[in-house]
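Heads up: the sequence shown begins at 8 in our numbering, then just goes up one per residue. Beta carbons: idealized from backbone N, C-alpha and C, even for Gly. Bear in mind that the values here come from a model prediction, so they are computed numbers and not experimental data. See below for the structure under consideration.
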Amino acid sequence: MAIALSAAPAAAQDFKVIVNSANSTTDLPADVTAKLFLKQTTKFPNGTAAQPVDQAKTSPVRATFSKTVLGRAVSAVESYWQQQIFSGKDVPPPAKASDDDVVAYVKATPGAIGYVSAGASTAGVKVVDVK
8 MAIALSAAPA AAQDFKVIVN SANSTTDLPA DVTAKLFLKQ TTKFPNGTAA
58 QPVDQAKTSP VRATFSKTVL GRAVSAVESY WQQQIFSGKD VPPPAKASDD
108 DVVAYVKATP GAIGYVSAGA STAGVKVVDV K
């Protein structure tokens, strides 16, 4: 299956990509970020094992993140995961109900990467620059 990746940089005013504070990553190319969330790669460029976490499929920030970074609508991402599950290849990242839940997961999980609304508190986690 062909994967379309957006070359557009993440819109910093719409969302922030966050990682566990122990992760030495400070920036990520958009294509690498997409591959981490689609589980097409399992490690950050620094070698840390990645544990992506999504927002609920009805979340406005997920719609923006999916379009900007993954280059597709949430419904297309859901279809991608259904194909992965059906073929026995992988399962989607866990989905959390709110920005606070994503921050809590990323804070508590080594290797975690997630995204939150631009105005969300990111205390205890590290914001990374997606280029």
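Could you tell me if residue i is buried or exposed, where buried requires 16 or more neighbouring beta carbons within 10 angstroms of its beta carbon?
i: Ala15; result: Note that Ala15 scores a pLDDT of 43, beneath 50, so its modelled location is shaky and nothing firm can be said.
i: Asp34; result: exposed
i: Ala115; result: exposed
i: Ala9; result: At Ala9, the pLDDT of 40 sits below 50, so the modelled position is not reliable; the number obtained from the coordinates is stated separately. Under this definition Ala9 is an exposed residue.
i: Ile25; result: buried
i: Ser41; result: Per the sequence shown, residue 41 should be read as Ala rather than Ser. So Ala41 counts as buried.
i: Asp107; result: exposed
Determine which residues share a DSSP beta bridge with residue i and list them.
i: Ala56; result: Lys50
i: Leu35; result: Val137
Could you please give the first and the last residue of the uninterrupted beta strand (DSSP E) stretch that includes residue i?
i: Lys133; result: 132-137
I need the boundaries of the alpha helix (DSSP H) containing residue i, first residue and last residue.
i: Lys23; result: It is not in any alpha helix (DSSP H) - Lys23 instead sits in the beta strand (DSSP E) that spans 22-27.
Report the start-end ranges of each alpha helix (DSSP H) in the stretch 85-121 that is 4 residues or longer and not cut off at the edges.
106-115
Hey, is the stretch 56-64 in contact with the stretch 115-128, meaning 3+ C-beta pairs nearer than 8 Å?
yes
Kindly confirm or deny that the stretch 97-105 and the stretch 61-75 touch, where touching means at least three C-beta pairs closer than 8 Å.
yes
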